[in-house]
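Beneath this line is the structure, given in structure tokens, with notes to follow.
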Amino acid sequence: MAFNFKLPSFGKKAAPQSSGNTTIMEVSAPVAKPAASLPGFAGKPLGEQLQVLGSIFLVLLVAAAALVGLNYRSTASSSAFVELASEMMALSHQIGKGTAMALNNDATGFKELRDARNKMAQLVTIATDGGDYEGNKLPATSDKVRPLLELMQQEWQKQDQDIALLLGQEKSMIALAKDMTVAVQQANGEKTPAAVAAMVKQAMANLPAEDKALAKAQEAGTKLLKTNAALATAASNLQGGYNSELKSWNFFGMGAILISFFGAIILAAMVKLYRDDVQERRGEIDEQRRLAEASKDATQEAILRLMNEMGDLADGDLTVRATVSEDVTGAIADSVNYTIEELAVLVKRINDAAIRVGVSTEAARNTSAELLSATETQAKEIREATNSVLSMAESMNTVSNNASESAQVARQSLEAAGKGTQAVENSIKGMNEIREQIQETSKRIKRLGESSQEIGEIVELISDITEQTNVLALNAAIQAASAGEAGRGFTVVAEEVQRLAERSGEATKQIAAIVKTIQTDTHDAVSAMENSTQGVVEGAKLSDAAGQALTEISEVSTKLAQLIENISEDTQKQAGVATEVARGMEHILQIAAQTTEGTQRTAVSIDELAELAVELKGSVAGFKV
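For the sequence shown, the positions run 1 to 625 when this note's numbering is used.
Structure (structure tokens):
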């Protein structure tokens, strides 16, 4: 079966068929034309020309940027000089104002004059030698403006001397002004203005010889007021010079303009080269398009011929062969013929493989049936073994739980023994504290007996003193009676002393009886406390024995709990091992189930493979080899 294909042409009519076979390689390629060039670049490629011109343009651009930066710095310096001269003019006016106030003996005027002088001196130094001004690093004044600066310096030197002379008499002038103010206030209302003026003149005439400098200071101030305009004019002329220098063209500005002009010329040349090259390339592209159309028509004819020859291949005829020619489809036809030959060999191999696959699938089907039976038996045995292991694990878990409960009981016994031991220790500690308190109380009672004995001795001493006092009172009464009327008053005193001695004796006897009773009670209390101490000691010994017994019980309970815990741990380990074995058996059972399932899927796959082999054999049956 043959197909007659014909491809449409695009854009142009199909070229007439030629008798010869024409290939793409035979189409003449366009001859490359030399690139457009500028004078001095003849024969050089466009890229090299643009590279050279671009390098020159970049160099000029960098130079222009550098000159612009230098011009900016120069302009900034000139602007700063203009501001400096403007500030000088303002300071000259401030000097005139301060001088006028100073001549009126105003302290504020002196301060303003001093500040203006210092600032003016600083600005003159910066303008002469260069320096920092308002954040700008200024150079020295140029030679063009230097004469105006020198005139300014001359005027300033003259006025600076007068300012120094005026400031030197600041204190004296202020003091004189205060004195004159006081004098005027004193004379106010008493004398006429003419009289006051005469007093002022007289005060000025009577100044000491060393204060004659005030008059010179007054003359210097007056001179300053007259020459201040000259200083302002010099500062204004200096500002004009700086302004002229700022507005004039300098080397950096002119250089930047010239370099920018040459850079624009270079850029225009680069644009012209690029446009000329674009025009030439557009012509070459049109020529190549025409040649490509001719080549396309020849290729279409070769493709139609090849497709007509390959029409029988679509029906499965692998004996057909394409014609190999010298045109563009010649290599394709050769490759197609090689492919057909290899495809024929492949179809033969597929037929042989389909037969072998059918035989192999039958054998595999029998083997998978045997494996399926074996895996089902294996799964049944594994399931029974798993149940046995699980029963054993449950028994071990029961034993482990019982052992754990026994260990818990042993631990509770241990806690009870520990609490008993602690209670006995607390009892022993309490008895020891009671014994110590009894001993301390006994000591205090003994000291009380000793103190009562001392009190008894003191009472005996008082009793002796009372008896002696009684005897002395009796003797005094006898002496007073023998004295007669003169000793009657003394007799009354002697009787009172005797009665007092008798009452003291009776009180002493009562105290002695009380002290004796205290000593007896103290002795009885000491004996009772010693007996209590002995009982406490005996009780402490019994408590020690009970504590030791409880300690032994605690040790035995500890060992028993440890043994039970060991038994519980061993049983738990055995139960864990049994559980792991059971899990392993379950895992093996799962694997066996998976194996069974896989064997079943394998059997199904083998059946499908047999069917595919039949289909494969049928699919290649339509090819003719």
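Even for Gly, the Cβ is constructed at its ideal location relative to N, Cα and C. Since the structure is predicted, the reported quantities are computational estimates derived from the model, not experimental observations.
Stretch pair the region 386 to 395 + the region 580 to 594: three plus CB contacts closer than 8 Å: yes
Which residue marks the beginning of the beta strand (DSSP E) containing Gly130, and which one marks its end? Your numbering for residue 130 matches position 130 in the sequence shown. Premise fails: Gly130 is in no beta strand (DSSP E) and is neither H nor E.
Selected residue, minimal CA-CA separation from Val577, among Val556, Ile428, Asp334, Met396: Taking the first residue of the sequence shown as 1, we reach residue 577 at position 577. Considering only alpha carbons, the answer is Met396.
Using CA atoms only, rank isn't needed, just tell me which of Glu502, Ala528, Lys144 is closest to Ile445. For the purposes of this step, residue 445 is taken as residue 445 along the sequence shown, with counting starting at 1. The shortest C-alpha separation from Ile445 is found at Ala528.
Using 10 angstroms around the beta-carbon of Ile95, count the other beta-carbons present and answer buried if the total reaches 16, otherwise exposed. Taking the first residue of the sequence shown as position 1, residue 95 is located at position 95. Buried: at least 16 other Cβ atoms inside 10 Å.
In this structure, what does DSSP give as the bridge partners for Lys137? Locating residue 137 in the sequence shown gives position 137, where the first residue counts as 1. Lys137 is bridged to Asp132.
Decide if Ser28 is buried, meaning its Cβ has at least 16 other Cβ atoms within 10 Å, or exposed. Mapped onto the sequence shown, residue 28 falls at position 28. Here the model assigns Ser28 a pLDDT of 41, short of 50, so the residue's position is not dependable, and the following value carries that caveat. The residue is exposed, with fewer than 16 neighbouring Cβ atoms inside 10 Å.
For Met160, does the three-state DSSP call read helix, strand or coil? Numbered from 1 along the sequence shown, position 160 holds the residue referred to as residue 160. First, the amino acid is wrong: residue 160 is Asp here, not Met. It is helical.
Return the CA-CA distance between Met89 and Leu231, expressed in angstroms with no decimal places. Here the question's residue 89 lines up with position 89 in the sequence shown. Here the question's residue 231 lines up with position 231 in the sequence shown. Approximately 8 Å, taken between the alpha carbons.
Note down, in chain order, each residue of its chain lying with its Cβ closer than 7 Å to the Cβ of Gly418, except the 5 sequence neighbours on either side. The count along the sequence shown starts at 1 and reaches residue 418 at position 418. Ser554, listed in sequence order.
Asp106, DSSP secondary structure in three states: In the sequence shown, counting from the first residue as 1, residue 106 sits at position 106. Looking at Asp106 - three-state DSSP - the assignment turns out to be coil, as it is neither helix nor strand.
Evaluate Ile606 with the Cβ neighbour count: other Cβ atoms within 10 Å of its Cβ, from every protein chain shown; 16 or more gives buried, anything less gives exposed. In the sequence shown, residue 606 corresponds to position 606, counting from 1. With 16 or more other Cβ atoms within 10 Å, it is buried.
From the DSSP output, in three-state form, read off Asp317 for me. By 1-based counting over the sequence shown, the position of residue 317 is 317. Looking at Asp317 - three-state DSSP - the assignment turns out to be strand.
Evaluate the contact criterion for the region 111 to 126 versus the region 51 to 60: three or more CB pairs, one atom per stretch, below 8 Å. no
So, at 7 Å on beta carbons, what are the nonlocal neighbours of Gly618 in its own chain, with the 5 sequence-adjacent residues on each side left out? Here the question's residue 618 lines up with position 618 in the sequence shown. Within the same chain, Gly618 has no close Cβ partners at all.
Cβ-Cβ distance between Ala102 and Gly109 below 7 Å: As a working note, residue 102 is residue 102 in the sequence shown. As a working note, residue 109 is residue 109 in the sequence shown. For Ala102 and Gly109, yes; Cβs fall inside 7 Å.
Alpha-carbon to alpha-carbon, Ala354 and Leu616: Position 616 of the sequence shown, counting from 1, holds the residue named residue 616. Position 354 of the sequence shown, counting from 1, holds the residue named residue 354. In a straight line, the C-alpha of Leu616 is about 7 Å away from that of Ala354.
Nearest-angstrom Cα distance between Lys226 and Lys97? Along the sequence shown, read from residue 1 onward, the residue named residue 226 stands at position 226. Along the sequence shown, read from residue 1 onward, the residue named residue 97 stands at position 97. Those two C-alpha atoms are separated by around 12 Å.
Which term fits Gly568, buried or exposed, when burial requires 16 or more other beta carbons within 10 angstroms of its beta carbon? Within the sequence shown, numbered from 1, the residue matching residue 568 stands at position 568. According to the sequence as given, residue 568 is Ser; it is not Gly. Answer is buried; the Cβ neighbour count reaches 16.
Exposed or buried, what is Tyr274 when buried is set at 16 or more other beta-carbons lying within 10 Å of its beta-carbon? Taking the first residue of the sequence shown as 1, we reach residue 274 at position 274. That one is exposed.
For Gln300 and Glu608, the rounded distance between their alpha carbons: Your numbering for residue 608 matches position 608 in the sequence shown. Your numbering for residue 300 matches position 300 in the sequence shown. About 47 Å.
Since Gln479 is in the alpha helix (DSSP H), which residue starts that stretch and which ends it? Here residue 479 refers to the residue found at position 479 when the sequence shown is read from its first residue. First-last of the alpha helix (DSSP H) with Gln479: 330 to 483.
From the DSSP output, in three-state form, read off Thr124 for me. Here residue 124 corresponds to residue number 124 of the sequence shown, with the count starting at 1. Before going on, a small fix: residue 124 reads as Val here, not Thr. Helix at Val124.
With Leu60 and Gly330 assumed to form a contact (beta carbons below 8 Å), what rounded beta-carbon distance in angstroms separates them? Locating residue 60 in the sequence shown gives position 60, where the first residue counts as 1. Locating residue 330 in the sequence shown gives position 330, where the first residue counts as 1. Leu60 to Gly330, Cβ: 59 Å. No contact.
In whole angstroms, give me the CA-to-CA distance for Arg365 and Glu376. What you label residue 365 is simply residue 365 of the sequence shown in a count that begins at 1. What you label residue 376 is simply residue 376 of the sequence shown in a count that begins at 1. Spanning the two alpha carbons is a distance of roughly 17 Å.
In this structure, does DSSP put Lys171 in helix, strand or coil? Locating residue 171 in the sequence shown gives position 171, where the first residue counts as 1. In the structure shown, Lys171 sits in a helix (DSSP, three-state: H, G or I).
As assigned by DSSP and simplified to three states, the class of Val324: By one-based count along the sequence shown, residue 324 stands at place 324. Of the three classes helix, strand and coil, the one that applies to Val324 here is coil, per DSSP.
Spatial neighbours of Ala525 within its chain, please: C-beta separation below 6 Å, excluding the five flanking residues on both sides. Here residue 525 corresponds to residue number 525 of the sequence shown, with the count starting at 1. Closer than 6 Å at Cβ, skipping near neighbours: Ile445.
Out of Gln161, Phe81, Leu166, Asp162, point me to the one whose CA is closest to Val124's CA. Numbered from 1 along the sequence shown, position 124 holds the residue referred to as residue 124. Checked all of Gln161, Phe81, Leu166, Asp162; the closest Cα to Val124 is Phe81.
With distances taken between CB atoms, is the gap from Ser400 to Gln572 smaller than 7 Å? The count along the sequence shown starts at 1 and reaches residue 400 at position 400. The count along the sequence shown starts at 1 and reaches residue 572 at position 572. Yes.
Determine, using beta-carbon pairs with one atom in the region 472 to 492 and one in the region 419 to 438, whether at least three such pairs fall under 8 Å. no
Count Cβ pairs between the region 430 to 444 and the region 462 to 475 that sit closer than 8 Å; are there 3 or more? no
For Ala217, count the other beta carbons within 10 Å of its own beta carbon; 16 or more makes it buried, fewer makes it exposed. Which is it? What you label residue 217 is simply residue 217 of the sequence shown in a count that begins at 1. With 16 or more other Cβ atoms within 10 Å, it is buried.
Below-7 Å beta-carbon distance, Ile266 vs any chain B residue: Among the protein chains of the structure shown there is no chain B, as only one such chain exists.
Nearest-angstrom Cβ-Cβ length linking Met173 and Asn105, presumed shorter than 8 Å: Counting from 1 along the sequence shown, the entry for residue 173 is found at position 173. Counting from 1 along the sequence shown, the entry for residue 105 is found at position 105. 5 Å between Cβ atoms; contact.
Grab me the residues of Ala220's own chain with a C-beta within less than 6 Å of its C-beta, minus the 5 sequence neighbours each way, in chain order. Position 220 of the sequence shown holds residue 220. So the qualifying residues of the chain are Asp162, Leu165, Leu166.
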